[in-house]
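Read the structure below first, then the notes.
In this note's numbering, the protein residues as written are 339 to 782.
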């Protein structure tokens with residue numbers, strides 16, 4: 339009877355996930371701007387988002403940090419929005435906004451009451467068409483803001499440099515080995531023409547995706563988008579060629595000293611396939627199996643049973659050019675980093691030799707479906723998903739169909755991918771150790 343009920347529950351779960359189709363309309367303006375509209379009139383709220391397909395990997399050597407710098411600068415006012423007024427306008431109209439920069443994109447979004455649709459579109463068109471880029475106190479101010487952010491998030495934050503400690507050793511040619519926030523000296527050396535050139539190349543409609551989601555009328559939204567965006571000139575995009583990263587054939591060992599910590603950490607990194615591949619999705623499932631939640635393999639073994647770790651986590655950081663498979667563990671008591679490494683290696687070896695159990699496989703599918711639904715549970719989440727699927731995959735409808743790819747992954751594929759990409763000779767191991775003012779790894 340229990341087996342029958344379990345089958346029914348799984349069947350209804352599958353139907354529920356697949357019935358939540360996200361409807362959308364997409365098209366291009368004459369200037370190359372890709373537009374995606376999603377109408378959901380259940381609440382009087384809209385999200386307007388613009389993704390520029392430029393991140394830290396696209397920056398020139400010696401001019402790092404530009405993508406992140408512009409994330410800040412483009413809130414500093416435009417031809418028709420005075421300096422310091424952007425956030426005040428948003429708040430005065432009942433809205434909120436934010437932005438982020440990654441290695442692969444810069445993403446801006448506003449959340450407004452739905453009767454402020456035109457305002458949100460006008461503001462984003464101003465950001466694209468009329469940014470103020472001149473050598474005045476705005477640029478100096480934002481350079482200072484970026485430095486403070488670096489101090490807060492990296493230099494002075496406990497374990498703040500974990501990702502950089504791995505990737506700076508893992509990627510010896512590709513710009514994924516850089517700091518996303520860039521080097522201080524590069525921003526200091528840049529002149530106004532450098533900033534204008536970067537903006538002219540990348541913050542243009544033919545390098546952008548505009549998403550409007552929520553309580554909209556599609557016909558009205560199209561009219562307003564044409565009004566505010568259609569006449570913005572496009573740019574001549576440069577097709578960038580990134581250096582090919584040589585495969586790692588022998589373990590790379592490194593040490594990083596962080597004066598902000600008292601307990602060391604073990605970091606392990608592997609180069610894995612880019613985000614659009616099936617193998618990348620299999621690696622996502624593998625990381626869920628190993629460390630997602632208290633019932634995961636590594637959590638149960640290293641935290642619950644052996645009480646040898648304060649925390650353990652694995653994640654496949656899927657990106658446009660490569661993926662980075664990361665493992666992190668923090669020891670408890672007298673256990674060493676080598677002890678943690680042995681336990682992790684033992685579990686990886688098991689996955690490489692044997693198929694995971696039917697029970698664990700079903701649990702993986704349930705977790706996956708829950709994550710898929712959660713990501714698209716809000717209008718903001720849907721807008722972000724629609725944007726990412728177009729920008730990085732060239733297939734916006736993956737917002738509805740990607741789960742089918744995950745559901746088709748077999749236990750055999752999980753084993754084969756672990757064998758192919760997680761071998762000991764293919765990795766970087768970083769001992770992330772407590773330091774002090776006289777013994778610390780410098781972040782420029």
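C-beta atoms are modelled at their ideal positions from N, C-alpha and C, and glycine is treated no differently.
Over the uninterrupted beta strand (DSSP E) stretch that includes residue i, give me the two end residues.
| i | result |
| --- | --- |
| residue 603 | 603 to 610 |
| residue 661 | 661 to 669 |
| residue 365 | 363 to 366 |
Under 8 Å by Cβ, that's how I've got residue i and residue j pegged, so tell me the actual separation to the nearest angstrom.
| i | j | result |
| --- | --- | --- |
| residue 395 | residue 513 | 4 Å |
| residue 426 | residue 595 | Wrong, their Cβ atoms sit about 43 Å apart, outside the cutoff. |
| residue 662 | residue 505 | 6 Å |
| residue 384 | residue 552 | 4 Å |
| residue 524 | residue 403 | 6 Å |
| residue 625 | residue 654 | 5 Å |
| residue 666 | residue 500 | 7 Å |
| residue 418 | residue 462 | About 13 Å separates the two Cβ atoms, so there is no contact after all. |
| residue 472 | residue 530 | 7 Å |
| residue 449 | residue 718 | 6 Å |
| residue 711 | residue 358 | 7 Å |
| residue 443 | residue 502 | Not really, about 19 Å apart at Cβ, beyond 8 Å. |
| residue 401 | residue 592 | Their Cβ separation, rounded to whole angstroms, is 26 Å, which puts residue 401 and residue 592 out of contact at 8 Å. |
| residue 739 | residue 547 | Actually they do not touch by this definition, with Cβ atoms about 19 Å apart. |
| residue 678 | residue 627 | Not really, about 18 Å apart at Cβ, beyond 8 Å. |
Evaluate residue i with the Cβ neighbour count: other Cβ atoms within 10 Å of its Cβ, from every protein chain shown; 16 or more gives buried, anything less gives exposed.
| i | result |
| --- | --- |
| residue 354 | With a pLDDT of 42 at residue 354, under the threshold of 50, the predicted position of this residue should be treated as unreliable, though the coordinate-derived value follows. Per the 10 Å Cβ criterion, exposed. |
| residue 787 | No answer is possible for residue 787: the residues shown for the chain start at 339 and end at 782. |
| residue 343 | In this predicted model, residue 343 has a pLDDT of only 36, less than 50, meaning its place in the structure is not dependable; the value taken from the coordinates is given anyway. Per the 10 Å Cβ criterion, exposed. |
| residue 746 | exposed |
| residue 415 | buried |
| residue 349 | Because the pLDDT at residue 349 is just 39, under 50, the model does not fix this residue reliably, and the value given afterwards should be weighed accordingly. Classification of residue 349: exposed, given that the 10 Å Cβ count is below 16. |
| residue 816 | Outside the displayed span of the chain (339 to 782) sits residue 816, for which this structure offers no information. |
| residue 768 | buried |
| residue 713 | exposed |
| residue 693 | exposed |
| residue 782 | exposed |
| residue 520 | buried |
| residue 345 | Bear in mind that a pLDDT of 36 at residue 345, under 50, signals an unreliable position, so the number given afterwards is only what the model happens to contain. Classification of residue 345: exposed, given that the 10 Å Cβ count is below 16. |
| residue 420 | exposed |
| residue 704 | exposed |
| residue 792 | Examination of residue 792 is not possible in this model, given that the chain is present from 339 through 782 alone. |
| residue 707 | buried |
| residue 554 | buried |
| residue 407 | buried |
| residue 695 | exposed |
| residue 674 | exposed |
| residue 498 | buried |
| residue 490 | exposed |
| residue 561 | exposed |
| residue 434 | exposed |
| residue 622 | buried |
| residue 615 | exposed |
| residue 441 | buried |
Per DSSP, which residues does residue i bridge with? Please list them.
| i | result |
| --- | --- |
| residue 766 | 590, 607 |
| residue 774 | 777 |
| residue 649 | 668 |
| residue 548 | 373, 388 |
| residue 654 | 663 |
| residue 416 | 469 |
| residue 450 | 384 |
| residue 444 | 390, 439 |
| residue 595 | 771 |
Residue i lies in the alpha helix (DSSP H); which residues open and close that run?
| i | result |
| --- | --- |
| residue 703 | 696 to 713 |
| residue 435 | Taken as a continuous stretch (DSSP letters only), residue 435 belongs to no alpha helix (DSSP H), being part of the beta strand (DSSP E) at 434 to 439. |
| residue 539 | 530 to 540 |
| residue 504 | 500 to 508 |
| residue 575 | No alpha helix (DSSP H) holds residue 575; DSSP gives it neither H nor E. |
| residue 425 | 424 to 430 |
| residue 722 | 717 to 726 |
| residue 731 | From DSSP, residue 731 is part of no alpha helix (DSSP H); its letter is neither H nor E. |
| residue 690 | 675 to 691 |
| residue 569 | Unbroken run through residue 569: none, as it is neither H nor E. |
| residue 745 | 736 to 746 |
| residue 525 | 522 to 527 |
| residue 624 | 616 to 629 |
| residue 759 | 749 to 759 |
| residue 410 | 404 to 411 |
(message) Contact between the segment 494 to 508 and the segment 591 to 609 is defined here as three or more beta-carbon pairs at a separation below 8 Å; is this criterion met?
(response) yes
(message) Below 8 Å, how does it come out for the segment 358 to 374 and the segment 480 to 500: are there three or more Cβ pairs, yes or no?
(response) Contact between the segment 358 to 374 and the segment 480 to 500 is absent, because fewer than three Cβ pairs lie under 8 Å.
(message) Assess contact between the segment 428 to 442 and the segment 453 to 466, defined as three or more Cβ pairs (one per stretch) separated by less than 8 Å. Is contact present?
(response) yes
(request) Evaluate the contact criterion for the segment 754 to 761 versus the segment 581 to 597: three or more CB pairs, one atom per stretch, below 8 Å. (result) no
(request) Evaluate the contact criterion for the segment 642 to 662 versus the segment 717 to 725: three or more CB pairs, one atom per stretch, below 8 Å. (result) no
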